[in-house]
Amino acid sequence: MAEETKTPSQLPVEQPLEALNDLGSHIEMKRSGAIDGWSIAYGELTVASPLSELISLAEMLKTDPTCRFTSLIDITAVDHPGREKRFDVVYHFLSMWQNQRIRVKVAVGEQEMVPTLTEVFPAAGWYEREVFDMFGLLFSGHPDLRRILTDYGFRGHPLRKDFPTTGYTEVRYDEVEKRVVYEPVKLVQEYRQFDFMSPWEGAEYVLPGDDKATKAG
């Protein structure tokens, strides 16, 4: 069977470094003193912004003729428990006009309110609800800030690094009561960590398939 060849339009296109440098310099010029800096890594441009400048930066990225980042692709967050400003809220924008992508990163403290982008990008509504649900960050001015992935009455925020692996409650369907019930998590045995690469802590049993390697040796 002949090897399939991909046409140039099917191959992944990495953004030219020169174009990204020009874009970063343009944003720095337009937002002089209003951004914390920008950098390029792995073919993508990242702009760091103060929380107070987030909305004006988003408006500029959307309306500026050189940028035209008219699509908000995603909003997510990163948890840094040991940092004073514990979270990074990360916004991903796409300019179909310029065929470019950009990432905007904002450092946020645990008690700080993040201004909503729903007035600039209506798609931010669901993305911000997801960040609220998973990380517990609050977005001021959001028209409907409630959980979107977890159940009503869910305790905690699962993507925080201090959230327990087991969660706080167990959800199951009770055949006797014919309804979903919530119960405290009960573990028969506490978690144990096994290092199977250590000769001192490795398991005694032979995994399926390993016996062949032993016989061959």
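Read in the working numbering, the sequence shown has 91 at position 67, and its numbers run on one by one without any break. Note that CB positions come from ideal geometry on N, CA and C, so glycine has one too. Computed from a predicted structure; not experimentally measured.
Straight-line spacing of the CA atoms in P146 and E52 works out to 26 Å. A straight line joining the alpha-carbon of E154 with that of L211 spans about 29 Å. Of the candidates S63, P167, L47 and T70, the residue whose Cα lies closest to the Cα of P89 is L47.
Between the alpha carbons of H50 and D112 lies a distance of about 24 Å. Annotation: T70 to W62 spans about 6 Å, alpha carbon to alpha carbon. Considering only I59, D60, Y115 and E68, the residue with the shortest C-alpha distance to N45 is E68. Of R171, G149 and H166, the smallest CA-CA separation from D157 is found for R171. Per the coordinates, the alpha-carbon of Y197 lies some 23 Å from the alpha-carbon of H181. Around the Cβ of R203, a 10 Å sphere holds fewer than 16 other Cβ atoms; the residue is exposed. At a Cβ-Cβ threshold of 7 Å, S73 and L85 do not count as neighbours.
With respect to the 7 Å criterion, F159 and L141 are not classified as neighbours on the basis of their beta carbons. In the DSSP assignment, the residues bridged to R125 are L118. Under the DSSP assignment, G61 falls in the beta strand (DSSP E) whose first and last residues are G61 to A65. By the Cβ neighbour-count rule, E152 is buried, with 16 or more other Cβ atoms within 10 Å of its own. Annotated three-state conformation of Y206 is strand, per DSSP.
Between D186 and P105, the beta carbon gap of about 6 Å places them in contact (Cβ cut-off 8 Å).
The Cβ atoms of T190 and V209 sit closer than 7 Å to each other. One alpha carbon belongs to A101, the other to N123, and they sit about 25 Å apart. Per DSSP, the beta-bridge partners of R196 are V205. Residue burial is scored here from C-beta neighbours: V128 has at least 16 other C-beta atoms within 10 angstroms and is therefore classed as buried.
Rounded to the nearest whole angstrom, the CA to CA distance from D103 to V200 is 41 Å.
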